[in-house]
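**Q** For reference, each letter of the sequence shown is one residue, going 1 to 264 in full-length UniProt numbering.
Backbone N, C-alpha and C fix where the C-beta goes; we use that ideal spot for every residue, glycine too.
Take a look at the following structure, please.
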Amino acid sequence: MIPIDDTPLCRDGKLLILAYDHGLEHGPVDFEDVPESADPERTFEAATHPAVTSVAVQKGIAEAYYPSYEGDVDLLAKLNGTSNLWMGEPDSAVNCSVEYAAELGASSVGFTLYGGSNHEIEMAEEFRTAQEAAREHGLPVVMWSYPRGQGLKNDTKPSTIAYAARQALELGADVAKVKHPGSRSAMEDAVRMAGKTKVVMSGGSKRSDRAFLESVKQTIDAGGKGLAVGRNVWQRENPERILDALEQVIFEEASVEEALAAAE
Ligand code: FBP
């Protein structure tokens, strides 16, 4: 672990990462409800909101779109990713090196680990390579710590999420991005297991403003340090509105009611 509070990834020790790797991970289906969301420019525009600390994208999107936003937006380069066309046991191809991420202007890197997958051993070895290269470049590492695979029937079970958070600490991630385990106390366990590694909640599929903000609030109250979110922002007609509300909950410690009012 390296201190990351003074890096662009954090604001006041907290994070709001805007994730936009879904075109690869899920495919065009994620853009169906809001067709404009297929245009990466729209997400980069949203990422200029002061609440957003970084935008997380794959290499191709970074190459094509980040140059126009350098200076206005902080870049987190995702180092691995897989399409939804892959039908095998969970795995993720390493498609960007840390060196190239740094060349692209990334100030941090992200890596998915599917703990529990039959490919966990190889993935953990790939993570080692990436994490040690990131240390050489002084770049913080965010682990998308997503246990899943044949043997795991419920990937948001509290004990599974606590284990995911712990894996991130043990393997040397600075931030553990985990799914919400369903309650504040379960998130507290995950935060405790993560030790000095900061825990952020993964956004998940789109929900109502209130339901989504309540889960974010629970995460913050549990000691989580923020959020890495995609669909719950850019699948909305007005991403700025929900970012206004998230800014209140994450950085101003506002209640959900206050945040909803601020976003009116
Ligand atoms: P969401 O907030 O939309 O869930 O995005 C977070 C994220 O981790 C993305 O970076 C990634 O593409 C997606 O979720 C993966 O979701 P899953 O693997 O659960 O389908």
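Do residue 216 and the ligand FBP come close, with the Cβ less than 7 Å from some heavy atom?
**A** Incorrect: residue 216 has no Cβ contact closer than 7 Å to the ligand FBP.
**Q** Any heavy atom of the ligand FBP inside 7 Å of the beta-carbon of residue 168?
**A** Residue 168 Cβ: outside cutoff for every heavy atom of the ligand FBP.
**Q** Applying the 10 Å Cβ sphere with the 16-neighbour rule, what's the burial state of residue 37?
**A** Burial call: buried.
**Q** When you measure from the CB of residue 185 to every non-hydrogen atom of the ligand FBP, does any distance come out below 7 Å?
**A** No, the Cβ of residue 185 stays beyond 7 Å of every heavy atom of the ligand FBP.
**Q** Indicate the three-state DSSP secondary structure (helix, strand or coil) for residue 107 in the structure shown.
**A** Of the three classes helix, strand and coil, the one that applies to residue 107 here is coil, per DSSP.
**Q** On the three-state DSSP scale, how would you describe residue 45?
**A** Helix.
**Q** Less than 8 Å between the beta carbons of residue 46 and residue 233, yes or no?
**A** Yes, the Cβ-Cβ distance between residue 46 and residue 233 is below 8 Å.
**Q** Can you give me the start and stop residues for the alpha helix (DSSP H) that residue 145 sits inside?
**A** No alpha helix (DSSP H) contains residue 145, which is instead part of the beta strand (DSSP E) from 141–145.
**Q** Closest to residue 179 by CA distance: which of 85, 202 and 225 is it?
**A** For the residues 85, 202 and 225, the minimum Cα distance to residue 179 belongs to 202.
**Q** Could you tell me which whole alpha helix (DSSP H) segments of length 4 or greater appear in the stretch 41–90?
**A** 59–65, all fully within the stretch 41–90.
**Q** Taking the DSSP output, what are the residues bridged to residue 201?
**A** Beta-bridge pairing links residue 201 to 178 and 227.
**Q** Under 8 Å by Cβ, that's how I've got residue 85 and residue 58 pegged, so tell me the actual separation to the nearest angstrom.
**A** Their Cβ separation, rounded to whole angstroms, is 15 Å, which puts residue 85 and residue 58 out of contact at 8 Å.
**Q** Can you name, in chain order, every residue of its own chain whose Cβ lies under 6 Å from the Cβ of residue 236, other than the five neighbours on each side?
**A** So the qualifying residues of the chain are 242.
**Q** Taking residue 55 as the reference, which of 73, 98, 156 and 190 has the closest Cα?
**A** The candidate whose alpha carbon is nearest that of residue 55 is 73.
**Q** Measure the alpha-carbon distance for residue 222 versus residue 255 and round it to whole angstroms.
**A** Rounded to the nearest angstrom, the two C-alpha atoms are 14 Å apart.
**Q** Starting from the Cα of residue 51, find the closest Cα among 239, 264 and 258 and give me that residue.
**A** Nearest option by C-alpha distance: 239.
**Q** Measuring CA to CA, which of 42, 156 and 127 is closest to residue 69?
**A** Selected option, being the one with the closest Cα: 42.
**Q** Rounded to whole angstroms, what's the CA-CA distance from residue 119 to residue 261? Just pull it up for me.
**A** About 46 Å.
**Q** Distance check for residue 88 and residue 115, CA to CA, integer angstroms please.
**A** Whole-angstrom Cα-Cα distance: 15 Å.
**Q** Which residue's Cα is closest to the Cα of residue 60: 81, 71 and 48?
**A** Nearest option by C-alpha distance: 81.
**Q** Would you list the residues sitting across from residue 94 in a DSSP beta bridge?
**A** Partner(s): 80.
**Q** One question on the structure: do residue 94 and residue 109 come within less than 8 Å of each other, judged by their Cβ atoms?
**A** Not in contact: residue 94 and residue 109 (Cβ atoms no closer than 8 Å).
**Q** By a C-beta neighbour count over all protein chains shown, 10 Å radius and 16 as the cutoff for buried, is residue 33 buried or exposed?
**A** The residue is exposed, with fewer than 16 neighbouring Cβ atoms inside 10 Å.
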